[in-house]
Amino acid sequence: MPRFLVMTTPRTRTLLALGAATLLGAQLAGATSASAASVKPWKAPEVSYTKGNVFAHGDSAEVRAKYRCSPGTEMTHVWVSVKQGPGDLTQEGSSAIAKAYYDTNVAGTEPVLTCDGKWKFLTTTVLRHTDKDALQAGEAYVQFCLYAGRGEVVEGASYNRMSTIKLA
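Going by UniProt numbering, the final residue of the sequence shown carries number 168, and the count climbs one at a time with no gaps.
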């Protein structure tokens with residue numbers, strides 16, 4: 001049976017400790033890079049909307065859309081508006097010429113989103129601006145905007161289309 005001679009001088013103990021620490025560090029680095037590789041990169045949010053997903057009832061309306069945001073998202077903000085009336089309602093500031101104007105700023109509530117990279121449905125309530133008329137059945141311009149951020153990066157997605165208002 002072979003015998004091994006282990007030298008226990010201070011220098012040998014130091015070299016063995018350094019070798020063990022180097023081996024342990026290499027194993028930990030491999031585990032860290034493996035777990036980092038399994039984390040998906042953060043992506044900008046997405047919004048998908050289907051015509052006919054606006055249901056108005058008096059001074060409020062509900063707008064339904066699909067959204068997706070990445071895991072690791074640290075902040076979100078949703079802004080939704082519905083405008084109806086004559087003129088080009090697609091332009092910035094067109095709420096001034098809209099006959100009916102509802103949005104989430106009047107509602108004052110921020111929906112809680114689930115950011116896991118999968119498509120989700122969100123129904124958001126918008127309220128009428130008091131200086132505007134109520135929505136009527138027919139066509140309206142809908143803007144559904146989602147902003148998401150992580151660290152210093154904030155990305156936005158919007159889905160802006162004419163839609164048919166249904167009265168509830």
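Beta carbons are placed, not taken as given, at the ideal position from N, Cα and C, and that holds for glycine. Computed from a prediction, not measured in an experiment: that's the story for all the values here.
Under DSSP, the alpha helix (DSSP H) around residue i begins and ends at which residues?
i	result
valine 112	Element bounds for valine 112: n/a, residue is neither H nor E.
Does residue i come out as helix, strand or coil in the three-state DSSP assignment?
i	result
threonine 104	helix
alanine 31	With a pLDDT of 47 at alanine 31, under the threshold of 50, the predicted position of this residue should be treated as unreliable, and no value is reported.
serine 70	coil
alanine 134	coil
alanine 65	strand
alanine 44	coil
alanine 98	coil
glycine 58	coil
leucine 23	Model confidence at leucine 23 stands at a pLDDT of 41, short of 50, so the residue's coordinates are unreliable; what they give is reported in the following sentence. Of the three classes helix, strand and coil, the one that applies to leucine 23 here is helix, per DSSP.
Taking the continuous beta strand (DSSP E) assigned at residue i, which residues delimit it?
i	result
glutamate 139	138-150
alanine 157	153-167
glutamine 91	No beta strand (DSSP E) contains glutamine 91, which DSSP labels as neither H nor E.
lysine 120	120-128
lysine 83	75-84
Enumerate in chain order the residues of its own chain whose CB-to-CB distance from residue i is below 6 angstroms, with the five nearest sequence positions on each side excluded.
i	result
glycine 87	Ile97
alanine 137	Ile165, Leu167
asparagine 160	Gln143
leucine 146	Pro45, Val47, Tyr67, Val78, Ala157
tyrosine 49	Ala65, Phe144, Tyr159
alanine 56	Leu135, Ile165, Leu167
Please work out which residues of its chain come closer than 8 angstroms, Cβ to Cβ, to residue i, disregarding the five sequence neighbours upstream and downstream, and give them in chain order.
i	result
glutamate 139	Gln84, Met162, Ser163, Thr164, Ile165
lysine 99	Gln84, Gly85, Pro86, Lys132, Asp133
glutamate 74	Gly149, Arg150, Gly151
glycine 52	Ser163, Thr164, Lys166
Might you give, ordered along the chain, the residues of its own chain that have their beta carbon closer than 7 angstroms to the beta carbon of residue i, omitting 5 neighbours on each side?
i	result
valine 82	Val54, Ala61, Val63, Tyr102, Val126, Leu135, Ala140, Val142
threonine 104	Val78, Trp79, Val80, Thr124, Val126
glycine 72	Trp42, Arg150
glycine 58	Ala134
Can you round the beta-carbon distance between residue i and residue j to whole angstroms, since I take them to be within the 8 angstroms contact cut?
i	j	result
serine 70	glycine 108	Serine 70 to glycine 108, Cβ: 27 angstroms. No contact.
threonine 90	cysteine 115	With 8 angstroms as the limit, threonine 90 and cysteine 115 do not qualify as a contact, their Cβ atoms being about 29 angstroms apart.
histidine 129	valine 106	6 angstroms
Flag residue i as yes when its Cβ comes closer than 8 angstroms to any non-hydrogen atom of the ligand ADP, and as no otherwise.
i	result
valine 106	By its list of ligands, the structure shown contains no ligand whatsoever, and the ligand ADP lies outside what it can speak to.
Are the C-beta of residue i and some C-beta of chain D separated by less than 9 angstroms?
i	result
serine 60	Here there is only one protein chain, and chain D is not present.
Exercise. Would you say the segment 116-135 touches the segment 150-157, given that touching needs at least three Cβ pairs under 8 angstroms?
Worked result: These segments do not touch.
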